[in-house]
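J.: Pasting a structure here, questions to come.
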Amino acid sequence: MSSKTEDIVCEENDSSKNEAAESNMKDGKFDDSEWDKYVTAQNRIAPEIVNALRSNDRTARLDAATSSTVSSIKAKPPLFNPSSTLVFHMVEGSDEQVSAVVEQGTIPKFILIASSSPSDQARADALLALGDIGADSQDLRDKLTQQGVMKPLLEVLGNPSEHQGQHMYGAAHAIQCIAHLINPDSAVYHMVWDIIPILAKYIEYQTEETAESLEASLWALNSILSVEPTIEPVLHTNIVPRLVQLCAAKHAPTRHPTLRCVGRILASSKNGTDQLVDAGIIEAIRPCITAEDRLERYDACWVAANIAVGTFRQAKALVAAGFVTPLVHIVSNTDEESRARGNAAWALAHLTCDLGRYHHAILETLLQATCLDGLLSALKLKEQDVVQESLKGIEVFVTTRRNGKQKAIEAVKAGNGVALLRAFKLRPEPDLAYDRLLAHTILKEHLREFSLPPRV
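Residue numbers -14 to 441, in our numbering, belong to the letters of the sequence shown in order.
Quick look at the structure:
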């Protein structure tokens, strides 16, 4: 994708949520008089602040640290020393430390610095600090939103050509932290409709795949997509082609959140699934199934599982793209992460039950790709719903009347299938009673000589 040169227009939000930040500004400019009481004429931290930092009184130390941090990063030139960065490091600390710093009134000060400081480093530090505060708790995420944090964050991402890379990362990181565990009761939820278009356009704008701001923006989008009502507005931004493109990015930290975003869309939206498949998502994620990174394989299997339960055309395309064999490898590998194995088995079971059952040529293709072996291996998994679907898939292979039926039965005999079916009959879970009976029936009706335990 060619680099975009136009700015992303950030529409002004008239909400009262921004009033707290605006109250500390004069005509959009930073009020230098705010810092006169903290900094000497020689641009040094005032002696009373230094003395307070050495105090035995905890509150006095925190208050002084807050004051010295805000004042020193606003001095001209900025003062960078241990005391000036103390609060910034504190918001990376324990819950108690973060809460104590917030009680000193740092949120509106950091928002003010992020909005109007003439110091690029001060703005970068403030943006990162706001994100670290948001990462602490839902209560603090709500406080940040209510005090107007989104205005400077969206201004940066909405006008990227006017800001440095560290500012774009700080803004994206802050949105990522504040949108974490978003839900309809959280304050930020009511602002997602303003966030979505700017975030989506920034993801399109940022063509440097290794940019940390892109990774953070994708994680933020993933959090937003976790709330189902946000999915259609995201789709309306036409971001799908860009997501498909980023699934094939060479930079793994960029692929990970992109796969999560794609998985959420596929899991909740037929419209989104259609758009993604039409945009080439099947081809894009094919290498991810065999990636070295376990989490990437898990995400790719989740994507494949959701496509497998889509339309006939989509499931058939998954088979045609050669997904069956690597999915079988994942579900059969006992060293693989259990969630990845479950997703792979789910995909194989639905390809068999929803596709192969009614299209014998496809069922033969699945058999040749050792899909049956994968389903038999899935019987050892703990997830009951996955096991149940896998057993249904095995039943399809050995009961569907066709020329290849006997080959499927012989495949069960030749492998470890009989032992796996017998072992499954002994599983104690109450919810598997019907499935244990199905396993017994498969042995009795189609593998009669193996239906009873071996004599000793």
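Glycine included, each C-beta is placed from N, C-alpha and C at the ideal position.
(1) State the Cα-Cα distance for the pair Asp12 and Cys246, rounded to the nearest angstrom.
(2) Quick one: residues in its chain with C-beta nearer than 6 Å to the C-beta of Ala332, no 5 flanking neighbours on either side, listed in chain order?
(3) Do Leu366 and Thr460 come within 8 Å of each other at the CB atom, strictly closer than that value?
(4) State buried or exposed for Glu193, treating a residue as buried only when at least 16 other CB atoms are found within 10 Å of its CB.
(5) In its own chain, which residues sit with a C-beta less than 7 Å from the C-beta of Val173, not counting the 5 before and 5 after it?
(6) Keeping to the same chain, check which residues put their C-beta closer than 7 Å to that of Glu322; ignore five residues upstream and five downstream.
(7) Under a Cβ-count criterion, where at least 16 other Cβ atoms within 10 Å of its own Cβ denotes burial, should Ala205 be classed as buried or exposed?
(8) Between the Cα of Cys273 and those of Gly90, Ser122 and Thr239, spot the shortest distance and give me the residue it belongs to.
(9) Which of the three DSSP states is assigned to Asp284 in this structure?
(10) At what residues does the alpha helix (DSSP H) containing Lys419 begin and finish?
(11) Output the distance between the C-alpha atoms of Ala109 and Gly119, rounded to the nearest integer angstrom.
(12) Terminal residues of the continuous alpha helix (DSSP H) containing Phe382?
(13) May I have the straight-line CA-CA distance separating Glu147 from Val372, to the nearest angstrom?
(14) Measure the beta-carbon distance from Pro242 to Leu203 and round it to whole angstroms, keeping in mind my assumption that it falls under 8 Å.
(15) When we look at the beta-carbon of Ala418 and count the other beta-carbons within 10 Å, is it buried (16 or more) or exposed?
(16) For Asn318, tell me which candidate among Gly307, Phe308 and Ala330 has the shortest Cα-Cα distance.
(17) Assuming contact is defined by CB atoms lying nearer than 8 Å, are Ile160 and Leu199 in contact in what I supplied?
(18) Threshold first: 4 residues or longer. Then list the alpha helix (DSSP H) segments lying entirely within the region 148 to 175, N to C.
(19) For Leu422, count neighbouring C-beta atoms within 10 Å of its own C-beta (all shown protein chains included) and say buried if the count is 16 or more, exposed if not.
(20) Between which residues of its own chain and Leu334 is the CB-CB distance below 6 Å, once the five residues before and five after are set aside?
(21) For Trp287 and Asn328, I'd like the C-alpha separation in whole angstroms.
(22) If you count every other CB in all the chains shown that lies within 10 Å of the CB of Arg249, and 16 or more means buried, which is it?
(23) Quick one: measure Cβ to Cβ for Ser254 and Ile216, integer angstroms, because I've assumed they're closer than 8 Å.
(24) Figure out for me which residue from Ile315, Gly143 and Cys356 has the closest Cα to the Cα of Gly400.
(25) Under three-state DSSP, which class holds Ala306?
(26) Below 8 Å on the Cβ atoms is my contact criterion, and I expect His344 with Arg387 to pass it. Report the Cβ-Cβ distance as a whole number of Å.
(27) Among Pro93, Thr426 and Leu115, whose alpha-carbon lies nearest the alpha-carbon of Arg407?
(28) Quick one: Cα of Gln353 to Cα of Leu364, how far?
(29) Between the Cα of Ala157 and those of Ser171, Asp117 and Gln132, spot the shortest distance and give me the residue it belongs to.
(30) In terms of residue numbering, what span does the alpha helix (DSSP H) encompassing Cys356 cover?
(31) Count the other CB atoms within 10 Å of the CB of Arg298; is the residue buried (16 or more) or exposed (fewer)?
(32) So for Glu451, helix, strand or coil by DSSP?
(33) For Val177 and Ile209, which I take to be in contact (beta-carbon distance under 8 Å), what is that distance rounded to the nearest angstrom?
(34) Once you ignore the five residues that flank Gly389 on each side, which residues in its own chain have a CB closer than 8 Å to its CB?
(35) By the 10 Å Cβ neighbour count, where 16 or more other Cβ atoms means buried, how is Asn207 classified, buried or exposed?
(36) According to the neighbour-count rule (16 or more other Cβ atoms, all chains shown, within 10 Å of its Cβ), is Leu411 buried or exposed?
T.: Reading off the structure:
(1) Residue confidence for Asp12 is low, a pLDDT of 46 falling below 50, so the modelled location carries little weight and cannot support an answer.
(2) Ala289, Ala290, Ala293 and Leu312
(3) In the structure as shown, the chain starts at -14 and stops at 441, and residue 460 therefore has no counterpart that could be examined.
(4) exposed
(5) The beta carbon of Val173 lies closer than 7 Å to those of Arg126, Thr130, Ile163, Ala164 and Ile167 in the same chain, with the five residues before and after it left out.
(6) Arg279 and Tyr283
(7) buried
(8) Closest option to Cys273, Cα to Cα, is Thr239.
(9) Correct three-state label for Asp284: helix.
(10) A small correction: the amino acid at residue 419 is Tyr; Lys does not occupy that position in the sequence shown. Residues Ala418 to His431.
(11) 16 Å
(12) Phe382: member of the alpha helix (DSSP H) spanning Gln369 to Thr384, first to last residue.
(13) 54 Å
(14) 4 Å
(15) So Ala418 counts as exposed.
(16) The option with the nearest alpha carbon to Asn318 is Ala330.
(17) Taking 8 Å as the Cβ cut-off, Ile160 and Leu199 do not qualify as a contacting pair.
(18) Given a length threshold of 4 residues, each whole run of the alpha helix (DSSP H) inside the region 148 to 175 is given here in chain order: 150 to 163.
(19) Label assigned to Leu422: exposed.
(20) Reading the sequence as shown, one finds Ala at residue 334 and not Leu. These residues qualify, in order along the chain: Glu374, Ser375 and Gly378.
(21) Cα to Cα, Trp287 sits roughly 5 Å from Asn328.
(22) buried
(23) 5 Å
(24) Cys356
(25) coil
(26) Contact doesn't hold; Cβ gap of about 10 Å is too wide.
(27) Thr426
(28) Rounded to whole angstroms, Gln353 to Leu364 spans 20 Å at the Cα level.
(29) Asp117
(30) Cys356 -> alpha helix (DSSP H) spans Cys356 to Ala363.
(31) exposed
(32) One cannot answer for residue 451 here, as it falls past the ends of the chain, which runs -14 to 441.
(33) Contact flag correct, Cβ pair sits at about 5 Å.
(34) His345, Leu348, Glu349 and Leu352
(35) buried
(36) exposed
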